[in-house]
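Going by our numbering, the letters in the sequence shown line up with residues 6 to 221, in that order.
We put the beta carbon where it would ideally sit given N, CA and C, even for glycine.
Inspection log for the structure reproduced underneath, given as structure tokens.
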Amino acid sequence: MQGFNKYYPPDYDPEKHKNLNAYHGKHALGDRARKIDKGILVTRFELPFNIWCSTCNAHIGMGVRYNAEKRKVGNYYSTPIYAFRCKCHLCGGWFEIRTDPQHTRYVVESGARQKDEEWDPAAAGGYAVHDPEAAGEADPLAALEKTTSALKRIDQVERPRIDSLQELSERRTADPYTVSSKLRKTFREEKKLLEAQRLADEGLKDKYGLNEEIKL
6 MQGFNKYYPP DYDPEKHKNL NAYHGKHALG DRARKIDKGI LVTRFELPFN IWCSTCNAHI
66 GMGVRYNAEK RKVGNYYSTP IYAFRCKCHL CGGWFEIRTD PQHTRYVVES GARQKDEEWD
126 PAAAGGYAVH DPEAAGEADP LAALEKTTSA LKRIDQVERP RIDSLQELSE RRTADPYTVS
186 SKLRKTFREE KKLLEAQRLA DEGLKDKYGL NEEIKL
């Protein structure tokens, strides 16, 4: 069974060393923090898009992972901007990719170039996406016509429907005692029919020796 206890040497002083990592002169993140004094932390980074390395001009596909040197290079308002410096596995050249909080994306800073994969609807024979910011001012006459059509629909369709429902509701609740009496009478009749059917089924089961769990 694996032991989970920690060994504390005789000269370990909790007031002086605070923890075992400080006692051994190591960082809690191990070799990943070998450049932590420069603000650099080695982390696993996955390429968010396809790139070409500027050193060897080789294509590197999206999703390839690197042990990147991560560091903070600035802020966009209160959001930090991080840089990921990676070493090309084909030639050893370095390239850097940064976060772009303003546009919620990644950008290539140096050492590589991103593959242009922006889709142009016009070039592909499709239709451009509607851009509300690029649209002009709304036509006031068209807006008025739309409002008039909506009001006309309310008068011709919605209002008669509401009146009909209200009339039906009033008719059903005009005499609560009569409505309740009719419901109770209906329930009693249905109960008698169900009881008669049950007795008939039991008679058939007894006559032919059928299992009681069989439904007729």
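- DSSP places Gln119 inside the beta strand (DSSP E), whose first and last residues are 117-119.
- DSSP places Tyr87 within a strand segment (E or B) once states are collapsed to three.
- Taken through DSSP and simplified to helix, strand or coil, Phe192 comes out as helix.
- Judged by DSSP in its simplified three-state form, His64 adopts strand.
- Between Arg39 and the set Leu173, Ala73, Trp124, Arg193, the nearest pair of CA atoms involves Ala73.
- Checking the DSSP bridge columns, you'll see Thr178 has no partner listed.
- Restricting attention to His108, Ala117, Thr84, Gly79, the CA atom closest to the CA of Arg90 is found in Ala117.
- Nearest to Cys93 by alpha-carbon distance, out of His64, Ser169, Asp36, Pro53, is His64.
- When the alpha-carbon of Cys61 is set against those of Gly98, Lys31, Thr183, Gln107, the nearest one is in Gly98.
- Counting the other CB atoms within 10 Å of its CB gives Tyr12 a total below 16, which places it among the exposed residues.
- Contact annotation: Asp105 and Val112 have beta-carbon atoms nearer than 8 Å.
- By the neighbour-count criterion, in which a residue is buried when 16 or more other Cβ atoms sit within 10 angstroms of its Cβ, Cys58 is buried.
- With a cutoff of 8 Å on beta-carbon distance, Tyr71 and Phe54 are scored as not near each other.
- The Cβ atoms of Ile45 and Lys75 lie closer than 8 Å to each other.
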